[in-house]
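Visitor:
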Amino acid sequence: MNPGDISPLTILIAAIFTNNILLSNYLGMCSFIALSRRLDTAVGMGLAVTFVSTFTTALNWVIYHRVLARGALSFLPGGLGDRIQLEIFALIVFIAVIAAFVQVVEMVLERFSPAMHQALGLFLPLITVNCAILGVALFMVIRGYGFFQAVAYGFGSGLGWLLAVLLMAGLRRRLRFSTVPRGLEGVGITLIVTGIMAMAFMAFAGMVRIQ
Amino acid sequence: MRFLARLLDRAGERVKKSPAAPLYPLVEAVNAALFSPDETASRAPFIRDALSTKRFVIAVVIALFPVLALATWFYGLKVPVMLLVAYGTGAVVESVFAWFRGEHIHEGFLVTGILMVLIFPVTTPLWVFVIATVFGIVFGKEVFGGVGQNPVNPALVGRMFVFLSWPALVAPSAYPEPAYRLFEWYSPAADAVTAATPLLQLKTGVLPPDASLLQLLWQVKPGCIGELSSGLLILGGLYLVFVRVVNFRIPLGMLAGSALASGLLGLFRPMPDLVGAWLSGGFLLGMFFMATDPVTVPATRVGKWIAGLLCGLLVVIIRALTPLVEGVMFAVVLMNLASPLIDEGVRALQRRKEADHA
Amino acid sequence: MNRHLATLVTPIWKENPIFFHVLGICSALAVTTRVSNALVMGAAVTCTAAATGVFVSLLRPVVQRSVRLVVEMLVIATFVILFDVMLKAFWYDMSRQLGPYVGLIVTNCILLGRAEAFALKNPVLPSLLDGVGSGLGYSWVLVVVAIFRESLGAGTLLGLRVLPEGAAPAQALFLPPGAFFLMGLLVWGLHAVRRRP
Amino acid sequence: MREPRVPAAVIVGAVVLACGALLLGANLWLADRVARNVRLAQVRLLVELVGVTGLSDAEMERFVADNLREEKDDAGRVRRWVYLRESTVGAVLYPMEGRGLWGPIHGVMAVNPELDTILGVRISRHEETPGLGAEIEAAWFLRRFEGLRFVSDDETCGPLELHVVKAGTAKGPLEVDGISGATETIRGFDAMLGRTLHEVLGDRRAGP
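Residue numbers (the working numbering), protein chains in the order written: chain A, 19 to 229; chain B, 32 to 389; chain C, 2 to 198; chain D, 10 to 217.
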């Protein structure tokens with residue numbers, strides 16, 4: 019059996035609940051800590067991550083499997099395609115695709131939807147260094163996902179991150195009125211609450227039957 | 032210290048101001064801190080009785096005392112010993128933190144300590160129980176500044192940690208059959224008889240034919256210490272609702288939520304009997320005594336309904352769709368974690384409505 | 002020389018990138034289930050941070066502001082890939098254990114952050130020292146977290162059993178939540194220690 | 010800071026070229042080694058499974074090339090390896106593929122020449138939780154499969170009853186204890202084992 023057999027819907031649910039990219043793969047922690055301070059920034063960044071992660075995963079999948087992967091260029095004449103090895107550039111290409119996509123989206127939004135640009139514009143540039151997006155691309159390669167699986171994974175991971183950051187923003191707003199020990203304020207207490215959240219999300223482990 | 036005093040002050044003011052005096056200062060303090068004052072006065076009219084934290088604690092202890100007494104009858108001396116251990120550990124940890132902060136120990140731990148005992152099976156080794164208590168108090172309460180400031184139920188935080196750490200030692204497969212053991216010390220060697228809990232039987236679909244709902248209600252059944260008798264839990268819970276220590280919206284929401292989830296999932300797969308699911312496992316204990324903890328639920332009225340629904344939904348989903356047998360613990364914590372967000376959402380909607388009216 | 006020493010030491014303790022700039026926390030949490038993984042990951046970050054520091058500093062006189070981010074990212078990515086390939090070639094098992102997290106060093110803000118904040122403004126030697134210092138500052142935190150997680154969560158240290166037979170390790174520390182709790186505690190402890198003169 | 014005079018495009022171009030050259034060079038130098046490592050990981054399992062020890066990497070590769078006959082299916086994928094010891098069959102090795110909780114699981118199962126007993130199981134690749142699901146590759150767990158006879162005594166290839174079950178609940182010779190706390194991984198492992206055994210039984214029915 020190969021991974022092609024899992025339905026994209028299953029992957030989507032798994033990426034949100036059972037295998038949350040933040041709570042089980044720790045990706046996107048930096049922006050999670052920084053942007054969960056306020057609810058509105060959390061919403062903005064969460065939506066931006068979801069959007070970018072979905073589309074760049076699709077783009078990266080196509081580029082990886084049609085250009086970079088071993089044997090992808092075998093249609094080239096004279097066995098040239100088999101001799102070119104581009105896999106090593108995957109990481110750079112992924113970053114470049116993410117950065118370029120973010121740029122393009124920013125320009126398009128600025129031009130056609132100033133309201134959206136106002137809402138998301140601040141967060142788009144930050145995404146380039148959000149490791150969740152790059153992480154999704156790398157996991158997609160390691161796990162050998164097909165196109166629709168990869169897109170579902172990208173979308174689900176974005177939603178999972180959005181969910182976690184929203185919960186955390188709500189909690190941190192409430193924590194402002196708690197007398198947290200001084201050394202724990204900010205980063206420390208956020209990490210501990212994330213730990214409680216990660217424990218609670220363990221309940222979903224095994225919810226998705228992959229067999 | 033000054034901060035707490037300020038909170039209590041503000042709560043006190045509101046007691047004087049409104050005819051609907053606060054339920055207990057702590058909730059009020061948190062409410063006051065979360066709401067801006069002008070918003071709250073109109074939105075918390077369901078609080079009718081002036082109760083101090085002490086009276087709240089006493090009410091919960093009264094409600095849970097019969098359960099503890101019955102558990103001692105059936106599980107033996109280990110139950111009161113566990114209670115002493117919980118209080119002892121709690122006192123040490125709390126006084127260390129209180130000393131650092133320069134505060135007094137809070138009587139709120141009386142409740143956490145009892146709950147701590149009730150959510151473990153009697154088979155739990157004492158060292159595991161101590162670790163759970165310490166972890167729960169430190170990471171569930173003290174890091175947030177102590178009683179009344181914790182976003183999640185501290186007892187459940189401790190329970191989750193040991194559940195994930197040593198699943199075999201606290202798992203449902205180790206629950207012993209209740210039998211008369213008063214004045215005996217429970218030991219796994221002497222009491223090797225373990226029994227499948229009704230919940231496990233419901234899950235695997237092999238509920239024995241003689242187990243009617245009435246029996247689930249009145250008979251004692253294997254499980255965690257506090258799950259011994261559904262009847263006593265219902266009586267205790269109703270008492271708390273009756274004296275208005277517990278808000279009725281969360282329990283009702285949970286019942287509705289679990290019914291909804293059970294019905295929806297029932298369209299696709301066979302589901303265990305709904306009332307049976309209510310009466311077995313930790314549902315009642317969680318519903319009346321955990322999920323209702325006033326500091327960890329939404330402050331808005333609509334928010335309480337939503338939180339209850341969510342919790343009920345999650346219980347059924349976790350019980351039905353994951354390999355876990357019991358889902359109440361996780362469901363309550365997930366609900367706690369979502370509570371501030373629910374409040375934010377409800378308030379945003381209310382603000383929008385008011386803006387429309389104006 | 003004293004100044005150079007300070008450049009090296011400051012990011013290890015006084016301005017530790019993980020604690021005081023909250024950089025690079027993702028991988029710090031992910032690879033700390035085993036001390037060996039943490040050591041290799043620390044080495045990876047130290048090497049790439051040092052190399053990046055040197056090269057960004059070298060390119061400093063010719064790179065224009067408008068393209069400096071692109072150049073920095075290129076340099077970082079190149080060194081990360083180099084390390085990844087070397088690991089695959091010479092320590093295949095370890096490379097499999099670390100999975101995608103070596104590649105994810107690219108988005109580890111420590112590298113970009115130090116390149117931006119230090120190497121772009123300083124000569125080669127201090128940049129090298131700053132890179133090494135930041136890498137070491139990151140590494141020791143990883144190793145400390147890993148020591149707790151591996152010994153208490155799995156009962157071993159560097160693969161050797163340290164808990165007595167019969168003592169069951171706390172699996173929760175090995176699972177993701179454990180990383181968050183330990184990291185939180187470490188942040189707390191460090192802030193407490195640092196505030197005291 | 011003084012703005013340098015060199016045009017930005019030139020700089021970026023030069024850096025891109027330099028980085029590209031560096032990486033391609035590294036790739037040329039190391040690609041074979043990496044490929045060999047990937048191959049060796051598999052080879053090591055095969056050698057271990059047929060019970061040969063103390064070989065160097067190169068010797069292992071030669072050993073596998075000389076003594077293991079690869080059989081491929083129509084799609085060109087390896088279906089099984091037949092281990093020839095002094096021109097008689099010593100064991101038959103089947104590749105296994107399945108899914109765990111987080112990702113694919115790959116492994117190899119060795120079966121005796123009569124195709125009725127498991128000689129050993131090894132896992133080559135998985136993404137499971139360290140300490141829990143990841144224990145499927147641990148020796149203490151895999152040892153439970155050694156010498157398991159999965160064909161009933163009356164020699165019928167009847168329904169397969171070999172199962173990995175919840176830890177501590179194994180009954181009878183054909184149930185194997187799983188790993189506590191790793192339900193989903195074990196479920197995938199069990200299914201993978203079942204599929205492989207199914208294939209083995211197919212070969213057994215087809216005759217030697």
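Positions of the beta carbon are idealized from the N, C-alpha and C atoms, including for glycine. Predicted model only: the values in this text are computed from it and were never measured.
How many whole angstroms separate the CB atoms of C:GLY185 and C:ALA171, which I take to be in contact at a CB cut-off of 8 Å?
Guide: C:GLY185 to C:ALA171, Cβ: 16 Å. No contact.
Visitor: Is it buried or exposed, B:SER370, if we count other Cβ atoms within 10 angstroms and call 16 or more buried?
Guide: Under this definition B:SER370 is a buried residue.
Visitor: Could you tell me whether the region 21-28 of chain C touches the region 99-117 of chain C, where touching means 3 or more Cβ pairs closer than 8 Å?
Guide: Touching, yes, given that three or more Cβ pairs across the two stretches are closer than 8 Å.
Visitor: Return the CA-CA distance between D:LYS81 and D:ALA147, expressed in angstroms with no decimal places.
Guide: Their Cα atoms are separated by approximately 29 Å.
Visitor: Let me confirm a value: A:GLN136 is counted as buried when at least 16 other C-beta atoms fall within 10 Å, else exposed. Which label applies?
Guide: Burial call: exposed.
Visitor: Can the beta-carbon of C:ARG61 be found less than 9 Å from the beta-carbon of C:LEU121?
Guide: Contact flag set, yes.
Visitor: Are any of the Cβ atoms in chain B nearer than 9 Å to that of C:GLY124?
Guide: Here residue 124 of chain C turns out to be Pro, not Gly, going by the sequence shown. Not closer than 9 Å to any Cβ of chain B, the Cβ of C:PRO124 fails to qualify, so no.
Visitor: Report yes or no: do the region 371-389 of chain B and the region 3-21 of chain C share at least 3 C-beta pairs separated by less than 8 Å?
Guide: Not touching, per the Cβ criterion.
Visitor: What's the gap between the Cα of B:GLU173 and the Cα of B:GLU258?
Guide: Distance between the alpha carbons of B:GLU173 and B:GLU258 is about 28 Å.
Visitor: Give me the chain C residues within the contact set of B:LEU368, using Cβ-Cβ distance strictly less than 7 Å, ordered along the chain.
Guide: Here the premise fails: no neighbours, minimum Cβ distance about 13 Å.
Visitor: Does the Cβ-Cβ distance between B:GLY376 and B:ALA292 come in under 9 Å?
Guide: No. Outside cutoff.
Visitor: Can you give, in chain order, each stretch of the alpha helix (DSSP H) that sits fully within the region 149-188 of chain A and has at least 4 residues?
Guide: Runs of the alpha helix (DSSP H) inside the region 149-188 of chain A: 149-160.
Visitor: Report the residue from A:MET225, A:VAL111, A:LEU193, A:ALA216 whose alpha carbon sits nearest the alpha carbon of A:LEU239.
Guide: Nothing about residue 239 of chain A can be reported from this structure: the residues present for chain A run from 19 to 229 only.
Visitor: If you check the beta carbons only, do B:VAL359 and B:MET318 fall under 9 Å apart?
Guide: Contact: yes.
Visitor: Enumerate in chain order the residues of its own chain whose CB-to-CB distance from C:CYS110 is below 7 Å, with the five nearest sequence positions on each side excluded.
Guide: Cβ within range, chain order: LEU24, GLY25.
Visitor: When you compare the CB of B:PHE87 with every CB in chain C, is at least one pair closer than 9 Å?
Guide: Not an interface residue.
Visitor: Within its chain, find whatever has a CB closer than 6 Å to the CB of D:ALA143; leave out the 5 residues flanking it on each side and keep chain order.
Guide: These residues qualify, in order along the chain: GLU137.
Visitor: I need the DSSP call for B:MET302, collapsed to helix, strand or coil.
Guide: Coil.
Visitor: Quick check on this structure: which residue in B:TRP309, B:LEU315, B:VAL153 has the alpha carbon closest to the alpha carbon of B:LYS109?
Guide: Closest by alpha carbon: B:VAL153.
Visitor: With a threshold of 16 other CB atoms inside 10 Å of the CB of D:GLU155, please say whether the residue is buried or exposed.
Guide: With fewer than 16 Cβ atoms within 10 Å of its Cβ, D:GLU155 is classed as exposed.
Visitor: Given this structure, state the Cα-to-Cα distance separating B:LEU283 from B:LEU368, to the nearest angstrom.
Guide: Straight-line Cα distance between these residues: approximately 20 Å.
Visitor: Applying a beta-carbon distance threshold of less than 8 Å, which residues of chain D neighbour A:GLY162?
Guide: What A:GLY162 touches in chain D: PRO113.
Visitor: On the DSSP letters alone, give me the boundaries of the alpha helix (DSSP H) that B:THR327 sits inside.
Guide: Segment: none, B:THR327 is in no alpha helix (DSSP H) and carries neither H nor E.
Visitor: Sort out for me which residues DSSP pairs C:ALA171 with in a bridge.
Guide: Answer by DSSP bridge pairing: none, since C:ALA171 is not bridged.
Visitor: Using 8 Å as the Cβ pair cut-off and three pairs as the minimum, do the region 46-58 of chain A and the region 173-188 of chain A touch?
Guide: The answer is yes - the region 173-188 of chain A touches the region 46-58 of chain A, with three or more Cβ pairs under 8 Å.
Visitor: Thinking C-alpha only, which one of C:VAL57, C:LEU176, C:VAL86, C:THR49 is nearest B:TRP197?
Guide: Closest option to B:TRP197, Cα to Cα, is C:LEU176.
Visitor: Leaving out five residues before and five after B:ALA75 in sequence, what residues of the same chain have Cβ atoms less than 6 Å from its Cβ?
Guide: Low confidence applies to B:ALA75: its pLDDT is 33, below 50, so where it sits in the model is not reliable enough to give any reading.
Visitor: Between C:VAL188 and B:VAL169, what straight-line distance do the alpha-carbon atoms span, to the nearest angstrom?
Guide: Going by the C-alpha atoms only, they are around 15 Å apart.
Visitor: Taking 7 Å as the limit between beta carbons, can you name the residues of its chain near B:LEU248, skipping five residues before and five after?
Guide: Excluding positions up to five away in sequence, the list reads SER261, GLY262, LEU310.
Visitor: Apply the 10 Å Cβ neighbour rule to C:VAL3 and answer buried if 16 or more other Cβ atoms are within range, or exposed otherwise.
Guide: A small correction: the amino acid at residue 3 of chain C is Asn; Val does not occupy that position in the sequence shown. Counting Cβ neighbours within 10 Å, C:ASN3 comes out exposed, since fewer than 16 surround it.
Visitor: With distances taken from CA atoms, which of C:TYR93, C:ASN17, C:ILE77 is nearest C:CYS48?
Guide: When each option's Cα is compared against that of C:CYS48, the closest is C:ILE77.
Visitor: Thinking C-alpha only, which one of D:TYR92, D:GLU68, D:ALA67 is nearest D:GLU79?
Guide: Ranking D:TYR92, D:GLU68, D:ALA67 by Cα distance to D:GLU79 puts D:TYR92 first.
Visitor: Could you list the residues in the region 187-199 of chain B with a C-beta less than 9 Å from some C-beta on chain C, going in chain order?
Guide: Within the region 187-199 of chain B, the residues whose Cβ lies closer than 9 Å to some Cβ of chain C are MET191, PHE192, VAL193, PHE194, LEU195, SER196, TRP197, PRO198, ALA199, listed in chain order.
Visitor: Distance, Cα to Cα, C:THR79 vs C:GLY54?
Guide: Roughly 13 Å separates the two Cα atoms.
Visitor: Quick check on D:ASP82: does DSSP put it in helix, strand or coil?
Guide: Correct three-state label for D:ASP82: coil.
Visitor: May I ask which residues mark the beginning and end of the alpha helix (DSSP H) holding B:ARG132?
Guide: Counting along the chain, the alpha helix (DSSP H) containing B:ARG132 begins and ends at 109-132.
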